[in-house]
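For reference, the structure is listed below as structure tokens.
4 protein chains.
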Amino acid sequence: MSKTKKLPEENSRSEESKTRILLAAADIFSRKGLDGARVDEIAAAAQINKRMIYHYYGSKENLYVEVLRYNYNKIYVLSKGAFVPGDDPRENVRRALRRYFYFLAQDEEFVRLVSWEALNRGRYGSMVLPQLLDLAQSDLGEILQDGINRGIFRPDLDIRQVLLSIHALCLVYFTRREMIQPMWPQDLMSEDMLESRLQHILDFVFNGILKHDKA
Amino acid sequence: MSKTKKLPEENSRSEESKTRILLAAADIFSRKGLDGARVDEIAAAAQINKRMIYHYYGSKENLYVEVLRYNYNKIYVLSKGAFVPGDDPRENVRRALRRYFYFLAQDEEFVRLVSWEALNRGRYGSMVLPQLLDLAQSDLGEILQDGINRGIFRPDLDIRQVLLSIHALCLVYFTRREMIQPMWPQDLMSEDMLESRLQHILDFVFNGILKHDKA
Amino acid sequence: MSKTKKLPEENSRSEESKTRILLAAADIFSRKGLDGARVDEIAAAAQINKRMIYHYYGSKENLYVEVLRYNYNKIYVLSKGAFVPGDDPRENVRRALRRYFYFLAQDEEFVRLVSWEALNRGRYGSMVLPQLLDLAQSDLGEILQDGINRGIFRPDLDIRQVLLSIHALCLVYFTRREMIQPMWPQDLMSEDMLESRLQHILDFVFNGILKHDKA
Amino acid sequence: MSKTKKLPEENSRSEESKTRILLAAADIFSRKGLDGARVDEIAAAAQINKRMIYHYYGSKENLYVEVLRYNYNKIYVLSKGAFVPGDDPRENVRRALRRYFYFLAQDEEFVRLVSWEALNRGRYGSMVLPQLLDLAQSDLGEILQDGINRGIFRPDLDIRQVLLSIHALCLVYFTRREMIQPMWPQDLMSEDMLESRLQHILDFVFNGILKHDKA
DNA sequence: GATGAATGAGATTTCATTCAT
DNA sequence: GATGAATGAAATCTCATTCAT
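Structural data, given as structure tokens:
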């Protein structure tokens, strides 16, 4: 139905309106969810007549699906290129994790849309992608395998579990932001705090919490 | 209000209705969220006249808050008693984690309500508890500190970060269930799979992914 | 969905409201058709909140179908009993035709609803009855056959064609009322004019179907 | 309006567009009626910009009236010339009826527009013609009178009633097509079936209006 | 003359809430 | 305490019409 396959960046007035609607909708859906969002609100935010939303997207639900599609595409841009084959697996993990962590840090919209979708049991997202595996789609799986092969990472790892765990360690910081903020005096989104969380994750992933005596 | 008998045991018919509403509401709110749930639906599920919901709870939103309160209380039951002071810190962590993990496994309602609440930025939950920190409320903090003190856990750990990470590792398995299920052939909620995830978490938490040569 | 199978004449307040809606809708749909009618208008005419229409009938379209069902049922009341087996076939025809003609004369609502339905190609009526054959449903078919068997009516008649023709001769007077009124000075619905049309039809029909002995 | 060339032959592009709109509108109005038709649909069918409809016809309603005018004109083409003064009145009736019947058979659009109009109580058609009496406008009235005068048709006929009846006998076959089709195995619009209905009508009409000599 | 985009008014439908009993 | 019926407000969606080019 929609031809906005990649980025909505064609032109002509209509494309621009269509895009304005999509961006406004993405913002509002991400903040309030499908049920909480109001079409009137989206129209106002897009500075366009409500009628146009139906003209371009057919229904509120379909607009939501298009918003998902648009956001899910962001993952593709992110995913590839983190794995540098010759490189130290540890370095590869660091790179991929940093990239993913900061991607989430910078795109709250994405984080929230994915979360709504999880609560909706993938009802709408499944119309867009057979399955969105976030990180799994990226190179991280290959990186881990490479590390195992090269004897750097433990050979008994279940890569799927590790991917899921890494995913969780990054995401939780953003999805629970309001709830954990009171635990720290600084703003969770400040550069320092972000970097500090990332370092914790890397440390955690590599070493766990045990003190490893080496001799 | 005027002449109702005030029996010492007040669990009369009215209390039972009130409870039926709460349980039905908890189920439906957990599945659809505040905005997605319908008062009619709740009344039907509670097998009660819609009017009673307003009689007992005043409004849909307030009913939702009561559902949150009821669920958040479950945490208290869970939290205390995991920390056995003299015990090996590793053993204490294992016990607390297992307890928490299976608590989440057995209470999807809780998991989902907490997740909706996170997306709602704690708007309603904050009416109930100043902050719900799930695990943090439990003994795990103390256990970790005890482990550090006793030289078993690394001294440079930021306990808050660790608590958050452990929380994430457990929760993600349930909140993303539908999305990750395709990665495994077995049912994610089967005993085997649950135990296997728990072991992964324990292993991950204790050791991370690196191969630690010991000599 | 609806339990108003026969006549809507149960009781209790809700049944009464439901009936009021149905009657108001029948009136307005018959005057303006499905597309021309407004739900607001029906609600106002039924002196009820619009919401109730959806509560009882689900949708405008479904309400229309129920109106059709209610009206089509009138035919059954009418249809049976015109055929008196031993009687002169001519007498039987006279009786059945008079009955049908005056039924149409007295129920403009029915006439118009059936006509809208015809223009809609039976789209909605077919949900109610597999086929509404108006007169054909009545005894007239039997009466004609009886007349043929007894040598009063011409043996080469195609009863289906005759039924259709009779149907047309009666109905046209009411469906084209506004258009033909200018041809006569009196009111088409006056007793005199009605009787005069009926006599014309009977005369027309008899001299058409009668076997004319020539000697 | 200011400087447009006023060619003697004005059938330029504009006239052609105007006509295309009219034809598309006639088709759609005839199928769905005034209320059921959509301006968008008409524009799409005419392969023209919607704006042009307003440019040429001012409003949807006015376009409908023009469609009626265009269709009602067809009657004039049909009407005259059926009456051959010297001819046998029976022959004249046969000719006129056949002509009318097949005119209706071939122009469903006309049949349906006239029927919508009847249900609309001539609201729009009356803007076009003070009264449209279909057949009455034709020679049939004269033919009947001629037949009476010459002692072929019964002298007590009310010509208006007969005209109305003949009108009905022809029209009903087309207006109720979908509803009566199930009564016959063949397609109602097949040559055989059409001819068979026409013969029925002629037979029906003649044996009704003919003076039956008994010796 | 022609077009694509846009709109305001109003249609149908939904929903939390309250009335009358 | 409990119920069935009802409602006002607001949501989604539709449509004839007009603007800007």
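Chains as they are written, first to last, in UniProt numbering: chain E, 1 to 215; chain Z, 1 to 215; chain V, 1 to 215; chain U, 1 to 215.
Glycine included, each C-beta is placed from N, C-alpha and C at the ideal position.
Interface flag, residue 83(Z) vs chain E, CB-CB below 8 Å: Sequence index remark: in the second sequence, residue 83(Z) carries index 83 (1-based). Chain E, which has no Cβ nearer than 8 Å to the Cβ of residue 83(Z), makes this no.
If you drop the 5 nearest sequence neighbours on each side, which residues of the same chain put their C-beta closer than 7 Å to that of residue 33(Z)? If you number the second sequence from 1, residue 33(Z) lands on position 33. 116.
Give the secondary structure of residue 126(V) by DSSP, where H, G and I count as helix, E and B as strand, and everything else as coil. Along the third sequence, one-based indexing puts residue 126(V) at 126. DSSP places residue 126(V) in helix when its eight states are reduced to three.
Short-range partners of chain V found in the stretch 160–171 of chain U, where Cβ spacing is below 9 Å: 160, 161, 162, 163, 164, 165, 167, 168, 169, 170, 171
Cβ-Cβ separation, residue 91(U) to residue 27(U) (assumed contact under 8 Å), whole Å: Mapped onto the fourth sequence, residue 27(U) falls at position 27. Mapped onto the fourth sequence, residue 91(U) falls at position 91. So it is not a contact: roughly 36 Å between Cβ atoms.
If you draw a straight line from the C-alpha of residue 193(U) to the C-alpha of residue 166(V), how long is it? Position 193 of the fourth sequence holds residue 193(U). Position 166 of the third sequence holds residue 166(V). Rounded to the nearest angstrom, the two C-alpha atoms are 19 Å apart.
Pull up the CB-CB distance for residue 119(V) and residue 112(U), whole angstroms please, since I reckon it's below 8 Å. One-based indexing of the third sequence puts residue 119(V) at position 119. One-based indexing of the fourth sequence puts residue 112(U) at position 112. 7 Å between Cβ atoms; contact.
What residue from 155(V), 31(V), 64(V), 163(V) has the CA that sits closest to residue 21(V)'s CA? Here the question's residue 21(V) lines up with position 21 in the third sequence. Considering only alpha carbons, the answer is 64(V).
Where residue 147(V) falls, given that 16 or more other Cβ within 10 Å makes a residue buried: As a first step, residue 147(V) is located in the third sequence; it is residue number 147 there, counting from the start. It is buried - the Cβ of residue 147(V) has at least 16 other Cβ atoms within 10 Å.
Beta carbon proximity, residue 59(Z) to chain E, threshold 8 Å: Position 59 of the second sequence, counted from the first residue, corresponds to residue 59(Z). Chain E, which has no Cβ nearer than 8 Å to the Cβ of residue 59(Z), makes this no.
DSSP state of residue 153(U) mapped onto helix, strand, coil: If you number the fourth sequence from 1, residue 153(U) lands on position 153. The answer is strand: DSSP assigns residue 153(U) an E or B state.
Please compile the residues from chain U whose C-beta is within a distance smaller than 7 Å of the C-beta of residue 122(V). Numbered from its first residue, the third sequence carries residue 122(V) at position 122. Simply 178, 179.
Within the stretch 139–184 of chain U, ranges of the alpha helix (DSSP H) (whole runs, at least 4 residues): 140–149, 159–175, 177–180
Count the other CB atoms within 10 Å of the CB of residue 186(V); is the residue buried (16 or more) or exposed (fewer)? Numbered from its first residue, the third sequence carries residue 186(V) at position 186. So residue 186(V) ends up on the exposed side.
Residues of the stretch 43–76 of chain U with Cβ closer than 8 Å to any Cβ of chain V, in chain order: none
With the cut-off set at 8 Å, would you say residue 53(V) and residue 43(V) are in Cβ contact? As a first step, residue 53(V) is located in the third sequence; it is residue number 53 there, counting from the start. As a first step, residue 43(V) is located in the third sequence; it is residue number 43 there, counting from the start. Yes; because the gap between Cβ atoms is below 8 Å, this pair is in contact.
Here's a check: name, in chain order, each residue in its chain whose Cβ is nearer than 6 Å to the Cβ of residue 46(V), leaving out the five neighbours to either side. Within the third sequence, numbered from 1, the residue matching residue 46(V) stands at position 46. Counting only Cβ-Cβ distances below 6 Å, and skipping sequence neighbours, we find 20, 21, 24.
Close beta carbons around residue 150(V), own chain, < 8 Å, minus the five adjacent residues each side: Your numbering for residue 150(V) matches position 150 in the third sequence. Same-chain partners within the cutoff: 89.
Between the beta-carbon of residue 206(E) and the beta-carbon of residue 209(Z), is there less than 8 Å? The count along the first sequence starts at 1 and reaches residue 206(E) at position 206. The count along the second sequence starts at 1 and reaches residue 209(Z) at position 209. Yes, they are a contact pair.
In whole angstroms, give me the CA-to-CA distance for residue 18(Z) and residue 74(Z). The residue you call residue 18(Z) lines up with position 18 of the second sequence. The residue you call residue 74(Z) lines up with position 74 of the second sequence. If you take the alpha carbons of residue 18(Z) and residue 74(Z), they lie about 19 Å apart.
Fully enclosed by the stretch 26–51 of chain U, which alpha helix (DSSP H) runs are 4 residues long or longer? 39–46
Measure the beta-carbon distance from residue 163(Z) to residue 198(Z) and round it to whole angstroms, keeping in mind my assumption that it falls under 8 Å. Within the second sequence, numbered from 1, the residue matching residue 163(Z) stands at position 163. Within the second sequence, numbered from 1, the residue matching residue 198(Z) stands at position 198. Not quite, the Cβ-Cβ distance comes to about 17 Å (not below 8 Å), so this is no contact.
Which residues in chain E have a C-beta closer than 7 Å to the C-beta of residue 118(Z)? List them in chain order. In the second sequence, residue 118(Z) corresponds to position 118, counting from 1. Ordered by position in chain E, the residues that pass the 7 Å Cβ test against residue 118(Z) are 175, 176, 179.
State the DSSP-derived secondary structure class of residue 14(U), mapped to helix, strand or coil. Counting from 1 along the fourth sequence, the entry for residue 14(U) is found at position 14. Note: residue 14(U) maps to helix in three-state DSSP.
Does any residue of chain V have a CB that is nearer than 8 Å to the CB of residue 183(U)? Within the fourth sequence, the letter at position 183 stands for residue 183(U). So yes, residue 183(U) belongs to the interface.
Would you please state the rounded distance, in angstroms, between the beta carbons of residue 96(U) and residue 82(U)? I believe it to be under 8 Å. By 1-based counting over the fourth sequence, the position of residue 96(U) is 96. By 1-based counting over the fourth sequence, the position of residue 82(U) is 82. The Cβ separation is near 4 Å, so the contact holds.
Since residue 204(V) and residue 157(V) should fall inside the 8 Å C-beta cutoff, what is the C-beta to C-beta distance between them, to a whole number of angstroms? For the purposes of this step, residue 204(V) is identified with residue 204 of the third sequence, where counting begins at 1. For the purposes of this step, residue 157(V) is identified with residue 157 of the third sequence, where counting begins at 1. In fact, because the Cβ distance is near 15 Å, the residues do not count as touching under 8 Å.
Counting C-beta neighbours from all protein chains within 10 Å, is the total for residue 14(U) 16 or more, i.e. buried, or is it exposed? Translated into the one-based positions of the fourth sequence, residue 14(U) becomes position 14. The residue in question, residue 14(U), is exposed, as its Cβ has fewer than 16 Cβ neighbours within 10 Å.
Compile a chain-ordered list of the residues in the stretch 94–105 of chain U whose CB is closer than 7 Å to at least one CB of chain V. none
Quick check: the Cα distance between residue 102(U) and residue 124(E), rounded to an integer number of angstroms? Walking along the fourth sequence from the start, residue 102(U) turns up at place 102. Walking along the first sequence from the start, residue 124(E) turns up at place 124. Those two C-alpha atoms are separated by around 55 Å.
Of all Cβ atoms in chain Z, is any one closer than 8 Å to the Cβ of residue 152(E)? Looking up residue 152(E) in the first sequence gives position 152. Yes, residue 152(E) lies at the interface with chain Z (some Cβ there is under 8 Å from its Cβ).
Measure the beta-carbon distance from residue 183(E) to residue 69(Z) and round it to whole angstroms, keeping in mind my assumption that it falls under 8 Å. Counting from one through the first sequence, the residue named residue 183(E) turns up at place 183. Counting from one through the second sequence, the residue named residue 69(Z) turns up at place 69. Between residue 69(Z) and residue 183(E) the Cβ distance is about 22 Å, and since that is not below 8 Å, they are no contact.
If you draw a straight line from the alpha carbon of residue 180(Z) to that of residue 57(E), how long is it in whole angstroms? For the purposes of this step, residue 180(Z) is identified with residue 180 of the second sequence, where counting begins at 1. For the purposes of this step, residue 57(E) is identified with residue 57 of the first sequence, where counting begins at 1. If you take the alpha carbons of residue 180(Z) and residue 57(E), they lie about 30 Å apart.
Go through its chain and collect everything with a Cβ distance to residue 1(V)'s Cβ below 6 Å, but skip five positions before and after it. Your numbering for residue 1(V) matches position 1 in the third sequence. Low per-residue confidence applies at residue 1(V): pLDDT is 36, beneath 50, and the placement is therefore not dependable, though the value from the model is reported in the following sentence. Cβ neighbours of residue 1(V) beyond the five flanking positions: none.
Close-in-space but distant-in-sequence residues of the same chain around residue 72(E) (CB under 8 Å, 5 per side omitted): As a working mapping, residue 72(E) is identified with position 72 in the first sequence. Contacts found: 125, 128, 129, 132.
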